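**Student:**
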Amino acid sequence: MIYVGGATVGLYINDPAADDVRPTKDVDISLSIASIGELEQIRQELIKKGFKQTAEDAVICRFRYDDVKVDVMNTKAIGWAPANPWFEPGFLSRERIDIDGQTIQITPLPYFLAAKFAAYNSRGNNEPRTSHDFEDIVYILDNRTDLVEVLVDSQADVKAFLNDEFSKILKEPVMQEAISGNLFYETRDERMSMIMEKLKAIINGILKKNIGIFIIYNYEGNSIHSP
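Residue numbering for the sequence shown follows this note's numbering, beginning at 2 and increasing consecutively.
(1) Over what stretch of residues does the beta strand (DSSP E) that includes I1 continue unbroken?
(2) When you compare each of A59, E136, D143 to A8 by their alpha carbons, which one comes out closest?
(3) For the alpha helix (DSSP H) that R124 lies in, which residues bound it at each end?
(4) Would you give the residue range spanned by the beta strand (DSSP E) that N85 belongs to?
(5) Hey, I180 and I203 are a contact pair by Cβ (cut 8 angstroms); roughly how many whole angstroms apart?
(6) In terms of residues, what are the limits of the beta strand (DSSP E) holding L184?
(7) Around the Cβ of T55, are there at least 16 other Cβ atoms within 10 angstroms (buried) or fewer (exposed)?
(8) Looking only at its chain, what residues have a beta carbon closer than 6 angstroms to the beta carbon of K172, apart from the 5 residues adjacent to it on each side?
(9) By DSSP, does I34 sit in helix, in strand, or in coil?
(10) Alpha carbon to alpha carbon, how far is E41 from V71? Give it in angstroms, no decimals.
(11) Hey, T76 and F88: beta-carbon distance below 7 angstroms or not?
(12) Opposite K70 in the DSSP bridges: which residues?
(13) Where does the unbroken alpha helix (DSSP H) through D137 begin, and where does it stop?
(14) Compute the Euclidean distance between the alpha carbons of K210 and V153, then round it to the nearest angstrom.
(15) Have a look at K53, G11, Q177 and flag the residue whose alpha-carbon is nearest the alpha-carbon of E128.
(16) Decide if Y112 is buried, meaning its Cβ has at least 16 other Cβ atoms within 10 Å, or exposed.
(17) For G182, which residues in the same chain have their Cβ closer than 7 angstroms to its Cβ, ignoring the five residues on either side in sequence?
(18) According to the Cβ coordinates, are G80 and T108 closer than 7 angstroms?
(19) Which value, in whole angstroms, describes the spacing of the CA atoms of E166 and F118?
(20) Using the beta-carbon count (16 or more within 10 Å), is P228 buried or exposed?
(21) Among D147, V159, V139, P24, which residue has its Cα nearest to the Cα of F185?
(22) Would you kindly work out how many angstroms separate the C-alpha atoms of S94 and A115, rounded to a whole number?
(23) Express the C-alpha separation of D16 and I98 in angstroms, rounding to a whole number.
(24) Flag this pair as yes or no: are the beta carbons of V151 and L110 separated by less than 7 angstroms?
What follows is the structure, given as structure tokens:
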């Protein structure tokens, strides 16, 4: 099991000057199960532990424990458990972290961001200014100091996806407006400029790395040396 939702966004930042993350009582988890039978066992175990499903929730994967909402998903869609295209690669490369003596598993940062973009693209209605998914993305862009290095060195598939998403931000004023709207007023201009420079550095870094790979391996597949 890995934690994949906005409740974990604060675990990915490392800027000591970061503003507080948005409060949430929503917890998203992803499993890796292969059958409806296993999924039903999970449901029964959650019910035994006091979790409840109610007809009030339009989301059929949602359980409630007091005032906490828990959405149960899977690396691949099965039964009532939906999926996100980045859950499976994120699950396969999951990381362990300790929180107050408890160990939990989360996806590496590149896959967390990719999953957030995928979620925004599927349910954001092209309105980043009101999207919690986009808000979480902005929080990481603003408060992860080594973001450029981590993303440029990530796996090719997730790197290509994030490159496309960041390119959209640089082209679309409404997305830039949404970023600005999620920043603290007194430092907004400075932080906005820093975020835009980060995005440009990521895109340029990915381009340079791709050019380097092409230099090392020519179009015939023969290994050559870069200058």
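We put the CB at the ideal spot given by N, CA and C, even for glycine. Keep in mind it's a predicted model, so treat the numbers as computed, not measured.
**Tutor:** In terms of the structure at hand:
(1) The structure shown does not extend to residue 1, since the chain spans only 2 to 228, so no value can be given for it.
(2) E136
(3) 110-124
(4) Element bounds for N85: n/a, residue is neither H nor E.
(5) The Cβ separation is near 14 angstroms, so there is no contact.
(6) Looking at the DSSP string, L184 is not in any beta strand (DSSP E), and its letter there is neither H nor E.
(7) exposed
(8) none
(9) coil
(10) 16 angstroms
(11) yes
(12) D27, R65
(13) 133-144
(14) 8 angstroms
(15) Q177
(16) buried
(17) R130
(18) no
(19) 7 angstroms
(20) Since pLDDT at P228 reaches only 41, below the 50 mark, its modelled position is unreliable, and the value read off the structure follows with that caveat. With fewer than 16 other Cβ atoms within 10 Å, it is exposed.
(21) V139
(22) 14 angstroms
(23) 18 angstroms
(24) yes
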